[in-house]
Every structure is written in C-alpha cells, then in structure tokens.
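Reading the sequence shown from the start, the letters are residues 812 to 1079 in the working numbering.
The C-beta atom is built at its ideal place from N, Cα and C for all residues, glycine as well.
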Amino acid sequence: MIGVFVNLGQFDIPTGMAGFMHLNSKIRLDQLLLDQGLASDIKEAGALVMAGKVELPDDRRSPTPGMQVNVGAKVITRTGKKYVSRGGDKLVQALDRFNVEVNHAVCLDVGASTGGFTDCLLQAGAARVYALDTGRGQLHHRLLNDKRVISIERTNIVGFKHIFENIDLGVVDVSFTSLEIVLPAVLELLSQRGQVIVLLKPQFEAKKSEVPRGGVIVDPMVHAAVIGRFLKWAVDRNIRIRNFLSSGVLGEKGNREFFFHIEPADDG
C-alpha cells in the first residue's frame, strides 16, 4: 500500500491518520459552537448551551459551556434563527416582494456589519458577495469562512473602485449617512442590467427638526416627507424606482424603515 505522509516534528504520520487525530482532539463546547459559526461570540455560545438549545446526539452527557468535546463532534442547535442577524429577515421580504433573482448573481453588500444581508443573499443562491463596511471585525465568523464572501473592511464605498467585476445586485443598509451620498458610488459598479435594493432609514435622512429626542420617528408625515425627498432626488439623477416596501421588521430602536428597488434609468 502506498502511503502519503506529513511531517510532524520528529514523526511522519499518514495524512489520513493526521486528519483523524485532529477530529478527535478536544475543545470546549462553547468554542466549538463559535468555530462552527453557530454563535456570534463566546458569550452567545455559552448562553445557547445554558438555555438548553444545544444537543450532542453522539454524547450522553448533559451539555455545559466548558465541557470538552471532540473537534469533529456533531452539534445541533435549536435557535430558530435562519440568518446571522435580523438584517436577513428584513431583506428576504424585499427579495420576495420585488421578485429579484439572486441565484448565480454577483452581489455587493454595502454596510454589511454582522452580515445579515450577506447571509440572506448566499442562502438565496448568490455566486459571490462582496461584504463592505467602514467598520472592522463585525462580520460573522461563519461568513468569514465562506469562500463565496469577500470581506472588505474599513472601507467607504464612496470613491471605492477595487471590485474588478460588474455587480448584478447591490444591497445597501447604512447608518449615520444619507443614501444620497452612498448610492451614486454603488450604481457605478453595476453590470448593464444591475439593480439595487436599498434600506431607507428615515432617522438618518430626515431634517434635524423632524427627528424627536430619542431618534425614533413615529410621525407618518415625517416618513412621507423623507420618502418624497428621496424620490425627487432619485428622479433628478435619472434613477428608476421599480418598487418600494415598508419593512416588516422594525429597526433596532423601533424605527420604521423602507426598502426601495432601484436601477439606473435607460438613457433617452
């Protein structure tokens, strides 16, 4: 029999055996959950275990966060969460309402943060997602380890030119800045038939006098004013609004948010 060997210090070990040894090395259960992308941080991993939402089908012991398990142990979590963040629950509604085909698409997620939108796009069949954010260290561990995801951190989309293929679908979820600043840069990166889904957050688009203390806008007249100004801005720049939708998932503080399905208008 012909064997393939890897060098491990003073010893030569068959590669198949090396893989077996790795799978049977020990690790804390909470760390395993984190490594497998089943929790966003070690605290959440421990909380899942303590809440009884983690099962080890091949282990008779009752799970505890610090228990030692094999690296290759089978783990089942019952969290009820489909996406890594609430953003995915928001975007999936827009994709369905707007009838947007994501399968095999090259996508750009602007304001990726934890990666809820990115996760949603991948589960819808995206070929690749560029996950861009001005921050650092926010993208979920599972997405960082997905070969279809290109993480671009500490980067402002404005003036960014370093994506060397055309984008079929852009998705935008930004805070503390206006879509009027961000959108032109996204549109420049689109393929000929590219389109964009943007999440308009009134609290970041409204005039200072329109935002009450606490930052939560509940006045429908303010919502209407913000949407009206955005529509006028888009039309003035030859941007076509194909559809819009009031998000069924409120913002973190309870703000109403709105999705718009847009594309550059045909010349002439």
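CA-CA distance, T890 to V1046, rounds to 43 angstroms.
P995: not part of any beta strand (DSSP E); member of the alpha helix (DSSP H) spanning L990 to L998, first to last residue. Considering only H1072, V940 and D930, the residue with the shortest C-alpha distance to I1052 is H1072. Here the C-alpha atom of K854 lies approximately 17 angstroms from the C-alpha atom of V886. Secondary structure note for F928: its alpha helix (DSSP H) is the uninterrupted segment G927 to Q934. Counted as a single uninterrupted DSSP element, the alpha helix (DSSP H) harbouring L954 occupies residues H952 to L955. A residue is called buried once 16 or more other Cβ atoms fall within 10 Å of its Cβ, and Q934, having fewer, is exposed.
Assigned with DSSP and collapsed to three states, K1019 falls in helix. Note: A942 is bridge-paired with D920 and S962 in the DSSP secondary-structure output. For K972 and L849, the gap between their C-alpha atoms comes out near 34 angstroms. Below 8 angstroms, enough C-beta pairs join the region 910-924 and the region 994-1013 to call them touching: three or more.
In the DSSP assignment, E866 forms a beta bridge with I887.
Of the residues assessed, F928 falls on the buried side of the cut-off, its CB having 16 or more other CB atoms within 10 angstroms.
Counting only the Cα atoms, D900 lies some 16 angstroms from L954.
Under the three-state reduction of DSSP, G970 is assigned to coil, being neither helix nor strand.
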